[in-house]
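So for the sequence shown, UniProt numbering puts the first residue at 1; every next one is plus one.
For every residue, glycine included, the Cβ atom is placed at its ideal position computed from N, Cα and C.
These figures come from a predicted structure and were not determined experimentally.
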Amino acid sequence: LLTESKRFKQEGEIIISELDTEHLMLNRERTTSFGDTIHEARKDFRFISMNLPKVNTAKLYRNIDSHPFTPKDNSERDKRVEEIFSIQTAGLAKRLSHANIKNIVLGLSGGLDSTLALLVAVRACQIMKLPLKNIRAITMPGFATTKRTKSNAVKLAETLGTNIETVDITKGSLQQFEDIGHDKKTQDVTYQNVQARYRTMIMMNKANQIGGLVLGTGDLSEIALGWNTFTGDQISHYNVNAGVPKTLVKYLVQWVSNQESFKKAADILIDIIDTPISPELTREKKKMQKTEDLIGPYELHDFFLYHFARWGSSPSKILFLAQQAFSSKYTVENLKKWLKLFITRFFGNQWKRSVMPDGPKVGSVALSPRGDWRMPSDAEVAIWLKDLK
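Pasting the structure below:
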């Protein structure tokens with residue numbers, strides 16, 4: 001519903017809105033039932049030709065939702081996140097059952113994504129009537145791990161009744177630096193990726209040891225941006241968060257915190273929601289590494305992703321829509337800057353998505369190469385960047 005008139009008005013009224021014909025065309029192309037019925041419903045149509053003047057307007061009549069993945073209505077949002085949580089849980093339970101695996105291994109950082117993965121694992125074990133001690137949560141503090149995230153990770157696992165282990169990765173990472181001749185004082189991409197890959201190695205080896213499944217935690221937004229380490233947090237045996245955008249993760253955790261079976265962990269979950277998003281891989285002058293300072297606001301990237309992957313919109317159109325949705329919050333220059341970064345990273349990281357692990361599809365946008373998204377790893381970005389100029 002784009003707009004509607006007010007009821008019981010005494011005077012006449014005109015309502016105006018815009019239709020996005022590209023959306024209609026794309027839906028018809030993707031919905032094969034239109035083609036299936038074309039022969040049965042074939043009829044002559046009456047065509048009326050007209051000339052419409054081009055209208056250059058900086059403002060639309062219709063409202064453009066700034067958070068398309070997240071319903072604004074609280075009750076509608078609760079229904080959406082409940083369904084998503086159920087899909088995640090059912091997907092994990094099915095994979096465990098199919099593979100005859102009864103143990104789950106996951107890295108618990110104290111951040112939102114790994115917290116959501118743990119909550120899904122707990123519910124899956126409850127459904128399958130497996131002991132919660134079959135969940136092996138591992139907290140792996142490194143060079144920049146904060147006390148807040150480490151403490152929340154341990155407290156959450158203990159409160160939920162899962163196993164919790166602590167493996168300090170600093171010694172192993174330093175050995176890796178020495179093995180490859182890397183200066184430990186140089187906090188570059190190698191410094192960060194060594195830590196991410198070392199954590200994954202620990203989880204994979206633990207899974208081998210106990211006959212378990214390594215549960216992935218990376219969300220849809222990180223997968224779109226390639227904001228992960230190849231063969232580090234990019235890989236797992238099954239990723240329950242693969243279809244969940246970052247802007248929706250906190251609402252999922254918040255919804256779970258209000259459920260009776262998770263009420264005892266509510267305070268911890270709320271504190272995790274309030275914790276700044278960070279990979280915690282580097283630290284300079286005791287300043288926390290914040291993801292959105294490096295790659296831009298996730299609310300923008302999720303907006304770009306929705307219109308790019310769901311509707312196939314051009315960069316120039318996405319920029320125009322973003323101006324409508326975020327006019328009071330971001331300048332055109334900032335929107336263009338972060339959109340350019342999104343497009344560049346999206347194209348530049350398809351090779352990571354081409355080998356991403358399985359995970360459940362929970363919404364209208366999914367990036368699995370075995371599902372909705374088919375894209376060559378060497379796709380050229382130049383045409384899209386040119387459209388943005």
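Between the region 139-156 and the region 241-257 there are fewer than three C-beta pairs closer than 8 Å, too few to call the two in contact.
Inclusion of Ile101 and Gly212 in the CB contact set at 9 Å is warranted, their separation being smaller than that value. For Leu213, the enclosing beta strand (DSSP E) covers residues Gly212 to Gly216. If the five residues before and after Ile223 are omitted, its C-beta is found closer than 7 Å to the C-beta atoms of Ala242, Arg353, Met356 and Leu367, all from its own chain and listed in chain order. Under the DSSP assignment, Asn334 falls in the alpha helix (DSSP H) whose first and last residues are Val332 to Gly348. Distance from Gly91 to Pro315 at the Cβ level is roughly 33 Å; contact not present, criterion being Cβ atoms closer than 8 Å.
By the C-beta density criterion, Thr37 is exposed, having fewer than 16 other C-beta atoms within 10 angstroms. Of all C-beta pairs linking the region 54-62 to the region 8-26, three or more are shorter than 8 Å, placing the two stretches in contact.
Rounded to the nearest angstrom, the gap between the Cα atoms of Arg80 and Lys185 is 46 Å. Going by DSSP, Asn258 is part of no alpha helix (DSSP H) at all; its letter is neither H nor E. Lys386 sits exposed, since fewer than 16 C-beta atoms from the chains shown fall within 10 Å of its C-beta. One Cα belongs to Asp44, the other to Leu1, and the distance between them is close to 29 Å. Exposure of Trp351 is indicated by the presence of fewer than 16 other C-beta atoms within 10 angstroms of its C-beta. Taken through DSSP and simplified to helix, strand or coil, Thr159 comes out as helix.
Contact between Phe347 and Phe304 is ruled out by a C-beta separation of about 13 Å, above the 8 Å threshold.
Of all alpha-carbon atoms in Leu300, Met128, Ala137 and Arg123, the one lying nearest the alpha-carbon of Gly110 is that of Ala137.
When DSSP states are grouped into helix, strand and coil, Gly107 belongs to the strand group. Exposed is the label assigned to His98, since fewer than 16 other Cβ atoms lie within 10 Å of its Cβ. Contact between Ser221 and Asp274 does not hold, since their C-beta atoms are separated by about 19 Å, which reaches or exceeds 8 Å.
Comparing alpha-carbon positions, the option among Gln175, Met375 and Ser151 lying closest to Glu165 turns out to be Ser151. The region 294-301 makes contact with the region 221-240, as at least three CB pairs between them are under 8 Å. In this chain, the beta strand (DSSP E) harbouring Arg136 covers Ile135 to Thr139. Assignment of Glu18 by DSSP, reduced to helix, strand and coil, places it in the coil class. In this structure Asn205 is exposed. Its beta-carbon is surrounded by fewer than 16 other beta-carbon atoms within 10 angstroms.
The C-alpha of Arg7 is placed about 25 Å away from the C-alpha of Pro71. Val194 is positioned such that its CB atom lies no closer than 9 Å to that of Val120. In this structure, the CA atom of Ala93 is about 56 Å from the CA atom of Ser49. Here Asn258 is near Ala266, since their CB atoms are less than 9 Å apart.
Looking at Val189, Arg310, Lys250 and Glu299, the one whose alpha-carbon comes closest to that of Gly232 is Val189.
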